[in-house]
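Numbering of the sequence shown is given in my numbering, commencing with residue 15 and proceeding in unit increments.
For every residue, glycine included, the Cβ atom is placed at its ideal position computed from N, Cα and C.
See below for the structure under consideration.
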Amino acid sequence: MKTHLIKDLTVAEICDGFVYNELEGKGLFGLGGKLTIQPEYQRNYIYADAGGKKEQAVISSLLKKYPLGLIYFNKVDENKFEVLDGQQRITSIGRFVTNKFSIMDNGNPKYFDSLPADQRAIILDSTLLIYVCEGVETEIKEWFETINTAGVEINPQERLNAFYSGPFVTLAKAEFSNSQNANIQKWSAYVKGSANRQDFLERALDWVSKGKIADYMSRHRKDDNINELKNYFNSVIDWVSSVFIDVENEMCGLEWGRLYETYHTTAYNPAEVSTKVQALYADPYVRNKKGIFEYVLGGSQSPNLLDVRVFDEATKRTVYTVQTKKAQAKGVSNCPLCASGPEANKHKIWKLAEMDADHVTAWSKGGGTNIKNCQMLCKTHNRAKGNR
Ligand SMILES: [Zn+2]
């Protein structure tokens, strides 16, 4: 890989012909059309996130004549360059000089056009330190990974997009990484994260590939369509939203891909499902609300998904004391199942630590977690009962 350093390119030159695409969340071109700011393997513009603190910091640095750090260009042709590293900084500058955001000046928002002439000149005349490199694709991408690992955090999906860049990633990003996509609001009920950080794309790939994202991206890298990816994702979302007619906060981020695979061939009555879900939401014994959906899908068979409230230590101790006194008076074991069974433990008095609390009437059959419904069983019997 060949490299050389350029010290005299100004902000004015770099921002010549700057275009920002709101739809894709990308800075596109500069340097009078010779520079591609956002090659397809780059991630989306994220400096405007979180109130735009990062993009404003870039502009204050220029005004204070602080260095912005090294920027790397990849020379792809005699007169064509791509930004390899520095795309967030360049897009911030380009967006500012085209009046896309303002900075605070003594408590007042100022757009580029409303700055005094001397300040505008400071910005436009600033020079950037640019390393230009030439090399083959694999070399460049390996290097891109290296500098990004050292600098601003890049997440696993962004890294995979860079690694498997091509027509498939371009189409997939246009669908799943576009914050203007009208479907995002609907998806956000079930999938956590943001389009810009590739969270929807990652989930879509995770679901269709059953967790083998890299493998899937590698096999489909040259595809000129994303039909399978899109259809599968939409099938999952449509299935969830038709089985569960209410949208609850706890639904966001569940493993819907796995649940779809397991349950989508089972028929459900959405009104009945809704009644069950609401009842479980209202049940004070249910501690894990996220588990409600899988519990209902599975036919209410696995209460362990709900983390039903357990008896507290004071209750256990009280029940143990009463139960043990009665058992000693009768000369039988203080575990009622040992006492009535044929085993050698018929007369054994267990210690508190050797016993567990049990719901006499199971929670799933309406039994509460209160002292009246509590009995102590030896650990073996409690485990046996729990497994039934
Ligand atoms: Zn027992």
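Cβ-based neighbour list, residue i, same chain, cut-off 8 Å, excluding 5 preceding and 5 following
{"i": "Cys388", "result": "Phe325, Thr329, Lys330, Val333, Ala371, Asp372, His373 and Val374"}
{"i": "Asp321", "result": "Val300, Arg301, Asn302 and Gly305"}
{"i": "Arg402", "result": "Because the pLDDT at Arg402 is just 47, under 50, the model does not fix this residue reliably, and the point stays unresolved."}
Strand pairing of residue i, partner residues [DSSP]
{"i": "Met118", "result": "Pro123"}
{"i": "Ile371", "result": "Checking the displayed sequence, the identity of residue 371 turns out to be Ala instead of Ile. Ala371 pairs with Met390."}
{"i": "Leu49", "result": "Gly44 and Phe95"}
{"i": "Cys147", "result": "Thr17 and Asn88"}
Simplified DSSP state of residue i, which is helix, strand or coil
{"i": "Met15", "result": "coil"}
{"i": "Cys266", "result": "coil"}
{"i": "Gly66", "result": "helix"}
{"i": "Val205", "result": "coil"}
{"i": "Thr141", "result": "strand"}
{"i": "Thr24", "result": "strand"}
{"i": "Asn175", "result": "helix"}
{"i": "Asn384", "result": "coil"}
{"i": "Arg402", "result": "Summary for Arg402: the model assigns pLDDT 47, below 50, so the residue's position carries little reliability; its value from the coordinates is reported in the next sentence. Coil, per DSSP."}
{"i": "Tyr230", "result": "helix"}
{"i": "Asn248", "result": "helix"}
{"i": "Asn169", "result": "coil"}
{"i": "Tyr282", "result": "coil"}
Beta-carbon separation (whole angstroms), residue i vs residue j, contact threshold 8 Å
{"i": "Lys360", "j": "Ser347", "result": "6 Å"}
{"i": "Glu69", "j": "Ser116", "result": "That pair is no contact at about 10 Å."}
{"i": "Glu172", "j": "Lys244", "result": "That belief does not hold up - the Cβ atoms of Glu172 and Lys244 are roughly 20 Å apart, past 8 Å."}
{"i": "Lys89", "j": "Lys48", "result": "Contact doesn't hold; Cβ gap of about 10 Å is too wide."}
{"i": "Phe214", "j": "Gly225", "result": "Between Gly225 and Phe214 the Cβ distance is about 17 Å, and since that is not below 8 Å, they are no contact."}
{"i": "Leu82", "j": "Val72", "result": "7 Å"}
{"i": "Leu185", "j": "Asn239", "result": "7 Å"}
Which listed residue (the options) has its alpha carbon closest to that of residue i
{"i": "Thr451", "options": "Val310, Leu142, Gly100 and Met118", "result": "Nothing can be reported for residue 451, as the shown portion of the chain is limited to 15 through 402."}
{"i": "Pro170", "options": "Val25, Phe307 and Asp220", "result": "Asp220"}
{"i": "Lys393", "options": "Met369, Lys386, Asn192 and Gly380", "result": "Met369"}
{"i": "Ala270", "options": "Val205, Lys236 and Pro298", "result": "Looking at the sequence shown, residue 270 is not Ala but Trp. When each option's Cα is compared against that of Trp270, the closest is Val205."}
{"i": "Ala135", "options": "Tyr61, Lys78 and Lys340", "result": "Lys78"}
{"i": "Lys40", "options": "Lys114, Ser140 and Leu19", "result": "Lys114"}
{"i": "Leu268", "options": "Ile144, Glu308 and Lys124", "result": "Glu308"}
Residues of its chain near residue i, where Cβ-Cβ distance is below 7 Å and the 5 sequence neighbours each way are ignored
{"i": "Ile259", "result": "Pro284 and Ser288"}
{"i": "Ser74", "result": "Ile117"}
{"i": "His278", "result": "Trp253"}
Residues of its chain near residue i, where Cβ-Cβ distance is below 6 Å and the 5 sequence neighbours each way are ignored
{"i": "Lys304", "result": "Glu264"}
{"i": "Asn35", "result": "Leu42"}
{"i": "Val261", "result": "Ala203"}
{"i": "Phe182", "result": "His234, Arg235 and Asp237"}
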